[in-house]
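Take a look at the structure set out below.
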Ligand SMILES: [Zn+2]
Ligand SMILES: [Zn+2]
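Numbering (this note's numbering), first residue to last: 25 to 134.
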């Protein structure tokens, strides 16, 4: 299975498994797009380590709002983050992870 595909399944089943609840504000959500799998040890650090990317212990389920707050995306930084798809209420939060996994895939499969 491709890493990107594996991530989509992994993120989706983990959200379900943890009860669709934001682990910070404890709110329950009904749409998977309203919550994201956030890496506790940041992607910037673990981006070359596939096992760490898929390590459940390194994942916190956060709602889009808390996720933005955790990454310090407020004001202008929030707008930029939304544009760059690196977290923020407008997207699933998986884009940076997906981009990273795509890069790794390219390295593996050429
Ligand atoms: Zn929250
Ligand atoms: Zn995050």
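By construction, the Cβ of each residue, glycine as well, lies at the ideal position given by its N, Cα and C atoms.
By a C-beta neighbour count over all protein chains shown, 10 Å radius and 16 as the cutoff for buried, is residue 72 buried or exposed? exposed
At a cut-off of 6 Å, is residue 46 close to ligand 1 when judged by its beta-carbon and the heavy atoms of the ligand? yes
For ligand 2, any of its heavy atoms closer than 6 Å to the Cβ of residue 72? no
Residue 46 classed as buried or exposed, judged by whether at least 16 other C-beta atoms fall within 10 angstroms: buried
Determine the extent of the beta strand (DSSP E) in which residue 86 is found, giving its start and end residues. 83-87
Can residue 54 be considered in contact with ligand 2, in the sense that its beta carbon sits closer than 6 Å to one or more heavy atoms? no
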